[in-house]
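So the structure is just underneath, and the comments pick up after that.
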């Protein structure tokens, strides 16, 4: 059983930055695909970014050029560096991975962008 724990959320002003981290309870070395989702108030959960085991990345159009996803297979962690945050980025952010066709989710971390 894999457990994921996010950290790093908080309140930030528009234009600010935050770095989210996701710690996995087991090795992620063989996990092909990991990523971050978010769910804003009154919105459906949406995919923000993904990263493969070979460090290939994809981003939602809304965050391209502002967010950077990374993973550390030694520390079993994944991160999301978020720059130039805007009010529309306000959401609960969830880390996610798929292992043997099972989806695993973290509990979520709140990011609020407001002046």
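Numbering (the working numbering), first residue to last: 657 to 771. Ideal Cβ placement from N, Cα and C applies to all residues, glycine included. Just so we're clear, the structure is a prediction, and the values are computed from it rather than from any experiment.
Query raised in the report: Near residue 713, what residues of its chain come up, given a Cβ to Cβ distance below 6 angstroms and the 5 sequence neighbours on each side ignored?
Result: 707 and 725
Query raised in the report: Based on Cα-Cα distance, which residue from 688, 755 and 720 lies nearest to residue 711?
Result: 688
Query - Check whether residue 686 and residue 658 have beta carbons under 8 angstroms apart - result: no
Query raised in the report: Cβ of residue 738 within 8 angstroms of Cβ of residue 673?
Result: yes
Query - residue 662 versus residue 703 - alpha carbon distance - result: 16 angstroms
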